[in-house]
Every structure is written in structure tokens, then in C-alpha cells.
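Here's the structure we're looking at; comments come further down.
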Amino acid sequence: MELQEIRDNIRSRRNKVFLQMEEVRRLRIQQRIKSAELGILKEEREIELPNFPSFIPFLPPLTSANLKVYYATCYSLIAGIILFGGLIAPTLELKLGLGGTTYADFISSMHLPMQLSQVDPIVASFSGGAVGVISALMVVEINNVKQQEHKRCKYCLG
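Position 103 (the sequence shown) corresponds to 102 in numbering that gives the first Met the number 0; numbering is contiguous.
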């Protein structure tokens, strides 16, 4: 194929794509008009908008409609981790004796100041790491949704 033939093919295919997108836009406008005549709610019409796969395991695909559910899920997960790391783990360790030697016993056996025994570094590091990972994943999710919404063309929405 010569260079001019390739350019002509690109131009003709671009025109075909443009015509198809214009047809999609017209069909969406017709769909809106028919939906308004029949009294169908907006949420039912917008079902065909794409879902974005979630980076967070075990969560459903992300849409701009369920973004608030993601916020609530992540905030409750972070609150649960902080609650576990701040209250439940120290209680289990000190009161019930679970977890082997308590951190306070370890500090006293090393002849260090007892103020250091008020925070268990292992629990604190795991809790902080988990909160950091969840926060980072949530930032990625939000940016993904905003980018995909920004990339939608006028033909996709009608």
C-alpha cells in the first residue's frame, strides 16, 4: 500500500466512525424523548453507562452513582482498623494475655522507660500500613472515576 492509500483509508474510516457516533447521539436523543413520553426515570435510562473495575478486592465495579458507597465502605474499614489497633488489640494483649509476652514486659526486661510500653509498635505499624493502603486505593479509585467521566465524549451522552 502506498502512503496516499493509507491516508485515504484513515480518512474514510474516521468519517465512518464519526457518522456512527452521530447516529448513536441521535438514537440517544430519541431514547430520551420516548422515555420522557413514557415517564421513565433518569436512573433507569443511564444503566448502559460503563462500569469501571475496582482496584479494591471484593468490591463491585465502580460507577459515579455508587461512589458514596465506596466512601462509606472505606471510612468504616479505616475506622474498624483504627478501633482494632487502638482498643481491641491492646485489650486482648494486656487483659487476656493473648499474643505471648506483652510489650510492657518486654520494655521492662530491656530496662527501657515505661512510657514506651504505651504503644505497641507492631500493632501500630500494621494498623497504619493498612490505613495507608486503603487510603491510597481509594485515591486511585476516585481518580479513575473522574478521568473516565472526563474522557466521555458528547456522543456517548447524547
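Using N, Cα and C, we set each Cβ at its ideal position, and we do this for glycine too. This one's a predicted model, so the numbers in the text were calculated from it and none came from an experiment.
Here DSSP, grouped into helix, strand and coil, assigns L115 to helix. For the pair of segments examined, the region 19 to 38 was found not to touch the region 104 to 116: the number of CB pairs separated by less than 8 Å stays below three. In terms of Cβ geometry, V132 and I81 do not form a close pair [threshold 9 Å].
Pairing R24 with N143, the inter-Cα distance amounts to about 25 Å. By the Cβ neighbour-count rule, E140 is buried, with 16 or more other Cβ atoms within 10 Å of its own.
Taking C-beta separations shorter than 6 Å and ignoring five residues to either side along the sequence, A135 has no partners in its chain.
Counting C-beta atoms within 10 angstroms of its own C-beta, G84 has 16 or more neighbours from the protein chains shown and is therefore classed as buried. Counting along the chain, I106 sits inside the alpha helix (DSSP H) bounded by residues Y102 to S108. The three-state reading of DSSP puts K15 in helix, counting H, G and I together.
When the Cα atoms are used, Y102 and G128 turn out to be separated by approximately 20 Å.
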